[in-house]
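Worksheet for the structure shown next.
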Amino acid sequence: MSDLSLSRGAERSLQIANRHSEIPRMSLWLEQALSDMGVPSAVRFKFDLSANEAVTNIIDYAFSDERGHQIDLQLTLAGGELSLEIIDDGRAFNPLEFEAEPIPVRLEDATPGGLGVKLIRHYMDRCDYRRKDDVNHLVLVCGL
Numbered sequence: 001m002s003d004l005s006l007s008r009g010a011e012r013s014l015q016i017a018n019r020h021s022e023i024p025r026m027s028l029w030l031e032q033a034l035s036d037m038g039v040p041s042a043v044r045f046k047f048d049l050s051a052n053e054a055v056t057n058i059i060d061y062a063f064s065d066e067r068g069h070q071i072d073l074q075l076t077l078a079g080g081e082l083s084l085e086i087i088d089d090g091r092a093f094n095p096l097e098f099e100a101e102p103i104p105v106r107l108e109d110a111t112p113g114g115l116g117v118k119l120i121r122h123y124m125d126r127c128d129y130r131r132k133d134d135v136n137h138l139v140l141v142c143g144l
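Residue numbers for the sequence shown, in the UniProt record's numbering: 1 to 144.
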C-alpha cells in the first residue's frame, strides 16, 4: 500500500452485538480496514489490542440486563491521525477517570481489573470520552 492512502481521509464503520463472540469479527474488520488504509503493522497491533480491551470492557461491564445491545465502531483516518469511536448505550463509565492498580512485579500478586485501561492509555496517543443522550462515546486516537 502506498503512502498516498495514509494521506487521504478514510472512514469505515461496523456494528456488533454485545457478545464476546463478536470480538473476532471486529478484529478481522479492523485489521482489514487498517491494512486497506495503509496503516503500518505496528500501529495496527496497538490499535487492535486497544479496541479489543475497550470493547471487552463494554461487553463485560456496561450492561445490567440480558437484552441484546449494539456497539457501534467508527474508524477514521484523517490528518495523520487514526481514530476509533466506540459507541454504546450501556451504563455511564469514563475509563479515563479510572485509577488502575500499579502493575505488580509478580504475577501471583496481580488482581483483576484495570490492566486493559492501562494498556489503552499506553498505546494510544489520546483518548476522549463523553456521554451524550445516555450514550457513551469513547474515542481512541493514534498518530501515524
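Heads up, the beta-carbon is just placed ideally off N, CA and C, and yes, glycines get one too.
Between residue 62 and residue 69, the alpha-carbon positions lie close to 10 Å from each other. Residue 55 counts as buried, since at least 16 other C-beta atoms from the protein chains shown sit within 10 angstroms of its C-beta. In this chain, residue 68 is not harboured by any alpha helix (DSSP H), its DSSP state being neither H nor E.
Contact between residue 92 and residue 131 holds: CB atoms are separated by about 5 Å, below the 8 Å threshold. Taking C-alpha positions only, residue 142 is separated from residue 116 by approximately 17 Å.
Remark: C-beta atoms of residue 74 and residue 82 do not approach each other more closely than 9 Å.
Residue pairing of residue 129 in beta bridges, as defined by DSSP: 138.
The bridge partners DSSP lists for residue 78 are 81. Cβ contact annotation for residue 127 (same chain, cutoff 8 Å, sequence separation greater than five): 95, 96, 120, 121, 138, 139, 140 and 141, in chain order. Here residue 98 has 117 as same chain residues with Cβ atoms under 6 Å from its own Cβ, once five neighbours each way along the sequence are excluded.
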